[in-house]
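First comes the structure, then the notes that go with it.
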Amino acid sequence: MISATTLSPPPTHLPSLPQTPPLSLIKTCKSMAQLKQIHSQTIRTGLISNPIVPAQIIAFCCKHELGDMEYARMVFDTMPEPNHFVWNNMIKGYSRVGCPNSAVSMYCEMLERGVMPDEYTYPFLLKRFTRDMAVKCGRELHDHIVKLGFSSNVFVQNALIHLYSLSGEVSVARGVFDRSSKGDVVTWNVMISGYNRSKQFDESMKLFDEMERMRVLPSSITLVSVLSACSKLKDLNVGKRVHRYVKDLKIEPVRVLENALIDMYAACGDMDTALGIFDNMKSRDVISWTAIVTGFTKLGQVDLARNYFDKMPERDFVSWTAMIDGYLQVNRFKEVLSLFREMQAANIKPDEFTMVSILTACAHLGALELGEWIKAYIDKNEIKIDSFVGNALIDMYFNCGNVEKAIRIFNAMPHRDKISWTAVIFGLAINGYGEEALDMFSQMLKASITPDEVTYIGVLCACTHSGNGR
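In case it helps, this note's numbering puts the sequence shown at residues 1016 to 1485.
Set out below in structure tokens:
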């Protein structure tokens, strides 16, 4: 729990900066090695006793891309009474380097030592929260914000919208949004991103419409988020409207925005426009190329997709998976396995989605040896066999005729869904175990799993193989 027993609004003054030579040097410092030399000089001259000096050393460690948080903490521990300016920098630094737990610990220590947060503390603190952290202490931090009187601060409001979106409480995030002034485009961006994160893409579009009605000019970040929603909904009309914004408002076509436009047009099947943007880009990255590859695979034009895939200057995991899934989609299973071997040769590590695609190809080709290799890879890397991976393994083993291992996978699965049960019923039936398939169907009903049409087809198949016409 985060203690808040002594919370009261803090002073808002920041420390003044007398321009002593060491402070001037810190401002122009470019590396930790230089900073350590300056630090040593301030210790020798006694300037370190001026609290502004260690505060600026800490600020460099926390803000600079080459900063060192361990060194910041060491200097911090020498300060008898660091003020909220220093505490904020420490919290910001831990968030910047992706250590949100350390940022929360620093916040708790700040409260314990009687230093009150200010309106900058919470945006720094909440910026890199994980979902689990947002769920665990989001409400408590919101209570602190209300008690300190910061709930009307736009930066704090934006941080809260992000927090609740992260924890899955999108309706609460919307409540914070509705109470805000809505004059800041960042507030709109955070809320639209929150809807996207929770896959409420229709709400993202509605909010964009509301943004237009209120005459709030979108930023490139807004447009990227809206284009992402258009891609998921395959809404070409709104996507084109966003594209017109880019042209009419003369928004600089930064690469992330161009990539979002390519992805939207490709997702909507308009590859001519997607290629037009792609061809006119000043510089392309792996995301640009992958969007084109994915667009062609979704249209079933895998040879065109492969042409662009082969031209890619660099390929990442997403590129390989997109091409593999493209071949799988058009039942070109040999190419799936061939490309997977190339992926292995390129030292690209597959994830569970890639492995499911490979297992599906193995099942169709009866490639038991490669399927066994995938299973060994899963075991070696201690990948959890959830229903997604487990179902693919069951299907592969049954299609390759290894009934025993298929049943073993099924029995070991912590959670079996409708697809798991149906796969086993089908697998047993097609391998000549009709009675066992019917028994499995009975167990499925006892487990309160509701069968669907596909399950019943499997049951009919089992009846045929068992000679039972019931």
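Backbone N, C-alpha and C fix where the C-beta goes; we use that ideal spot for every residue, glycine too.
Spatial neighbours of residue i in its chain, beta-carbon cut-off 7 angstroms, leaving aside the 5 residues before and after
i: T1305; result: V1333, S1334 and A1337
i: S1182; result: R1146, A1149, V1150 and G1153
i: E1350; result: Y1342
i: L959; result: No answer is possible for residue 959: it lies beyond the span of the chain, which begins at 1016 and ends at 1485.
i: G1284; result: L1314
Cβ pair residue i, residue j closer than 8 angstroms
i: L1272; j: V1301; result: no
i: P1115; j: M1094; result: no
i: S1195; j: V1169; result: yes
i: S1463; j: H1430; result: no
i: N1098; j: V1119; result: no
i: I1053; j: I1067; result: no
i: S1110; j: K1078; result: no
i: F1091; j: I1063; result: no
i: V1474; j: F1456; result: yes
i: N1446; j: G1416; result: yes
i: H1379; j: F1413; result: no
i: A1289; j: L1242; result: no
i: V1185; j: Y1210; result: yes
i: Y1179; j: V1191; result: yes
i: M1428; j: L1374; result: no
i: L1222; j: I1207; result: yes
i: S1246; j: D1294; result: no
i: R1270; j: S1298; result: yes
i: A1444; j: A1391; result: no
Extent of the continuous alpha helix (DSSP H) run through residue i
i: Q1316; result: Counting along the chain, Q1316 falls outside any alpha helix (DSSP H), and DSSP gives it neither H nor E.
i: I1160; result: R1146 to L1163
i: T969; result: Any answer about residue 969 is impossible in this case: the structure gives the chain only from 1016 up to 1485.
i: H1079; result: Element bounds for H1079: n/a, residue is neither H nor E.
i: D1224; result: F1216 to R1228
i: P1115; result: P1115 to E1127
i: S1334; result: F1332 to Q1344
i: T1060; result: M1047 to T1060
i: L1352; result: F1348 to A1360
i: S1166; result: Unbroken run through S1166: none, as it is neither H nor E.
i: S1110; result: H1099 to R1111
i: N1065; result: That residue, N1065, is in no alpha helix (DSSP H); it is neither H nor E in DSSP.
i: M1094; result: Unbroken run through M1094: none, as it is neither H nor E.
i: M1393; result: The identity of residue 1393 in the sequence shown is Ile, whereas the question assumes Met. It spans L1383 to K1395 - the alpha helix (DSSP H) in which I1393 sits, taken as one unbroken run.
i: C1377; result: E1367 to L1380
i: F1232; result: Note on residue identity: the sequence assigns Leu, not Phe, to residue 1232. Per DSSP, L1232 belongs to no alpha helix (DSSP H) and is neither H nor E.
i: M1286; result: M1286 to N1295
Burial state of residue i (16 or more Cβ within 10 Å)
i: N1103; result: buried
i: M1229; result: exposed
i: D1318; result: exposed
i: Y1471; result: exposed
i: G1164; result: exposed
i: G1108; result: buried
i: T1136; result: buried
i: D1467; result: exposed
i: E1134; result: buried
i: Q1458; result: exposed
i: S1055; result: exposed
i: L1175; result: buried
i: T1479; result: exposed
i: T1003; result: Because residue 1003 is not part of the residues shown, which for the chain are 1016 to 1485, the question remains open.
i: T1202; result: buried
i: A1361; result: exposed
i: G1061; result: exposed
i: R1259; result: exposed
i: A1407; result: buried
i: F1216; result: buried
i: N1252; result: exposed
8 angstroms Cβ shell around residue i - same chain, five flanking residues per side excluded
i: I1409; result: A1421, I1424, F1425, S1435, A1438, V1439 and G1442
i: Y1323; result: W1304, I1307, V1308 and F1311
i: D1083; result: M1047 and C1076
Spatial neighbours of residue i in its chain, beta-carbon cut-off 6 angstroms, leaving aside the 5 residues before and after
i: K1326; result: none
i: M1370; result: I1389
i: K1433; result: I1464
i: Y1086; result: C1076
i: L1140; result: I1106, A1118 and Y1122
i: Y1280; result: T1288 and A1289
i: S1372; result: I1339, D1340 and L1343
i: M1296; result: E1273
heavy atom of the ligand HEM below 7 angstroms from residue i C-beta
i: K1249; result: Absent from the structure shown: the ligand HEM. Ligands present: none.
Please specify which runs of the alpha helix (DSSP H), each continuous and at least 4 residues long, are wholly inside the segment 1409-1452, giving them in chain order.
1418-1427 and 1433-1445, all fully within the segment 1409-1452.
Taking only runs that begin and end inside the segment 1239-1272, name each unbroken alpha helix (DSSP H) of 4 or more residues, in chain order.
Listed in chain order, the alpha helix (DSSP H) elements of length 4 or more contained wholly in the segment 1239-1272 are 1251-1263.
Please give me, in chain order, every unbroken run of the beta strand (DSSP E) with length at least 3 that falls completely inside the segment 1182-1213.
For the segment 1182-1213, there is no continuous beta strand (DSSP E) assignment of 3+ residues that stays within its boundaries.
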